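Take a look at the structure below.
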Amino acid sequence: MYKRFIFKEIMKRLKEKRRFIQVPAGPRQTGKTTLARQLMDEIGMIHHYASAETEFL
487 MYKRFIFKEI MKRLKEKRRF IQVPAGPRQT GKTTLARQLM DEIGMIHHYA SAETEFL
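Add 486 to the 1-based position in the sequence shown for this note's numbering, that's all there is to it.
Quick look at the structure:
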């Protein structure tokens, strides 16, 4: 699967000692969800994924 340039940048930020919340924002259907899922698969740390489109969280 294609990984965008921003993937490497966010991975770098997630590996820093001081981690901040990373929030992908932008127009619909530009790959934000795909990017988030790729990152979650790659990092191997405890995480929670929630979609704003889901009726019940």
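Think of the CB as a built atom: it goes at the ideal place given N, C-alpha and C, for glycine as much as any other residue. None of these values were measured; they are calculated from a predicted model.
C-alpha distance - residue i paired with residue j, whole-angstrom precision
{"i": "L500", "j": "A511", "result": "17 angstroms"}
{"i": "H533", "j": "E495", "result": "18 angstroms"}
{"i": "K518", "j": "I507", "result": "15 angstroms"}
{"i": "F493", "j": "R523", "result": "11 angstroms"}
{"i": "K489", "j": "R505", "result": "21 angstroms"}
{"i": "A538", "j": "T520", "result": "15 angstroms"}
{"i": "I529", "j": "M497", "result": "8 angstroms"}
Own chain residues within Cβ distance below 6 angstroms of residue i, not counting five before or after
{"i": "V509", "result": "none"}
{"i": "M531", "result": "none"}
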